[in-house]
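One structure below.
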Amino acid sequence: MPYWLYLVIGGIFINNFVLSRFLGICPFLGVSRKTETALGMGLAVIFVMGMTSIITFGLNLLLKELNIQYLQTIVFILVIAALIQLIEIVIKRFAPSLYTALGVYLPLITTNCAVLGVAIMNVTELATQNIFTSFVNGISSGIGFTLALLIMAGIREKLEYSEIPEKFKGFPITLITASIMAMAFTAFAGLSF
Amino acid sequence: MIEKTEKLTFKDITSPFTNGIINNNATFRLVLGTCPTLAITTSASNGIGMGLSVLFVLVCANAIVSILRNIIPRKVRIPAYILIIATFSTIVEMVVRAFLPDLYDKLGLFLPLIVVNCILLARVESFASLNRVIPSIMDGIGIGLGFTFSITLIGIVREFLGAGSFFGIPINSIISAELPMTFFILPAGGFMVYGFLMVIFNSVVDKIQKSLENRNRVNLGSRSVNAHISTPEIDTQGGK
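Residue numbers (our numbering), protein chains in the order written: chain A, 1 to 193; chain B, 1 to 240.
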């Protein structure tokens, strides 16, 4: 099996960013009340993660060349923040309809640890590191995030109508729901090859 | 914004500290910084390591942002805050890598990810950028200790149930043969322990606060009754 396919299946199911690696939990808990907003957030994350993966891969080569890899975190987070601003401006100018759909979520993504997480993972954990595997890893991790977010939003819409003990309302019941989802996703570990 | 001439009272200094531990508890009340809370709490000692790292970054970032709060232009404040936070988190990362290599291996990805921990940006934005230096530092210490306490608690529960040990000391054989239940070390167990502990923490804090309020009200009430009317009949009524 080619490595990129392994990355796709791994990113979406086996090592799901939210349910197995615990990255991007804040938006997972915060923006999962409605499926529409969840979808908007998810698409924005996929887009940003793909772009970030390409750019940080190039940057890492530069850092290696200059032998200043300890600046990795600072450089990556600044580039991500700048990139998100840039994407916001470009989308606003050239695709206003996409901007109205994603606009609100873009600034939030700066502090989404999934984005920085995938950037660091690309340069530390991948077995073969080139620009293509980085990009595939970024996109598939984003899809995994979106999948978890969408499932959660679907469940939470139904939860609105069910009777929940007063103390469990809000975050606790969401966490316990996430626990059951994570249990289901644990079974994908059997797919690892 | 507070005027420079105004003097700090004792309460200005202590209330951010106590609020940070209980009312604004980052993990159970504000529900911030959930990623490390779930990811590294497979053991109690990880929790302490992570908590103290965040504490250090938070205190330093709060102090610097508070000093610079009138200098940083509002429009570029978020990138400026992120840069300040990233500086300190890089320092922590390098120190931990040099002196505590075991902890560095265990925390892994989540040490550099302190930068995007929402606790930091939230406190810097909502507290340090509006308050003076000493309350900001106290807020940092309070929130940091609250976070350390909470994730260590989650770590203790998960380690006890999942690995059958307490801070690395195996105790499973003493309690029961059913331990350890690997489920609690898995991601799913993390979500579940966090959810239930949140309910327990919030119920206990609410109950304590309610009883404190009641006691205050009763004290105030009886005092006012005694102050206004000092006939013996009323006193017996109060006793009833």
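Note that CB positions come from ideal geometry on N, CA and C, so glycine has one too.
- Of the residues A:F17, A:G24, A:Y3, A:T133, the one whose Cα lies closest to the Cα of T56 of chain A is A:T133.
- Only those residues of the segment 114-129 of chain A whose C-beta falls short of 9 Å from the nearest C-beta of chain B are listed: A114, V115, L116, G117, I120, M121, T124, E125.
- Cβ-Cβ distances below 8 Å link Q129 of chain A to F57, N122, V123 in the same chain, with the five nearest sequence neighbours on each side left out; the list follows chain order.
- In the structure shown, the three-state DSSP call for P36 of chain B is helix.
- Neighbourhood of N112 of chain A in chain B, by CB distance below 8 Å: V116, in chain order.
- In the DSSP assignment, P172 of chain A falls within the alpha helix (DSSP H) that extends over 171-186.
- Relative to the Cα of G108 of chain B, the nearest Cα in the group B:V205, B:G189, B:F99, B:E93 belongs to B:E93.
- Taking a cut-off of 8 Å for Cβ pairs, the segment 129-140 of chain B and the segment 59-72 of chain B touch, as three or more such pairs fall below it.
- When only Cα atoms are considered, L86 of chain A and I80 of chain A end up about 10 Å apart.
- Collapsing the DSSP output to three states places S162 of chain A in coil.
- Of the candidates A:G40, A:R33, A:K34, A:G40 places its Cα closest to the Cα of G142 of chain A.
- Nearest to V115 of chain B by alpha-carbon distance, out of B:Q209, B:N25, B:G33, B:I22, is B:G33.
- Taking CB atoms only, L63 of chain A has no neighbour in chain B less than 8 Å away.
- In this structure S53 of chain B does not touch T73 of chain A by the C-beta definition: roughly 13 Å separates them, more than the 8 Å allowed.
- For a Cβ distance threshold of 7 Å, residue set L175 of chain A lies close to Y194 of chain B, ordered along the chain.
- Interface residue (Cβ-Cβ distance to chain B less than 8 Å): T186 of chain A is classified as such.
- Residue range 105-109 is occupied by the alpha helix (DSSP H) that includes P107 of chain A.
- The straight-line gap separating the alpha-carbon atoms of R21 of chain A and R217 of chain B is approximately 48 Å.
- Take the alpha-carbon of G117 of chain A and the one of L83 of chain A: they are about 16 Å apart.
- Distances from the CA of N62 of chain B to each of B:V199, B:P112, B:T87, B:K7 were compared; the closest alpha carbon is that of B:T87.
- Residue-level contact check: L159 of chain A does not touch chain B, since none of the beta carbons of chain B fall below 8 Å from its beta carbon.
- Residues of the segment 131-151 of chain A with a Cβ closer than 8 Å to any Cβ of chain B: none.
- For the options A:G190, A:K169, A:G138, the alpha carbon positioned closest to that of W4 of chain A is the one of A:G138.
- Residue pairing by DSSP puts F166 of chain B in a beta bridge opposite B:I169.
- At least 8 Å separates the CB of V59 of chain B from every CB of chain A.
- At a cut-off of 8 Å between beta-carbon atoms, E159 of chain B makes no contact with chain A.
- For the 8 Å CB-CB criterion, L113 of chain B and C35 of chain B form a contact.
- Residue environment: N219 of chain B is assigned as exposed (fewer than 16 neighbouring CB atoms within 10 Å of its CB, all protein chains considered).
- For E125 of chain A, there is no enclosing alpha helix (DSSP H), since its DSSP letter is neither H nor E.
- Non-local C-beta neighbours of C60 of chain B in its own chain, meaning closer than 7 Å and more than five positions away in sequence, comprise F88, ordered along the chain.
- A Cβ-Cβ separation of about 6 Å places S45 of chain B in contact with F167 of chain B under the 8 Å criterion.
- In the three-state scheme derived from DSSP, where H, G and I count as helix and E and B as strand, M41 of chain A is classed as helix.
- Apart from the 5 residues on each side of it in sequence, L7 of chain A sits with its Cβ closer than 7 Å to the Cβ of T133, V136, N137, S140 in its chain, given in chain order.
- Only residues of its own chain outside the window of five on either side were considered, and among them L191 have a CB closer than 7 Å to the CB of I9 of chain A, listed in chain order.
- Near chain B, meaning a CB-to-CB distance below 7 Å, the residues of the segment 27-40 of chain A are L29.
- At least one CB of chain B lies nearer than 8 Å to the CB of I77 of chain A.
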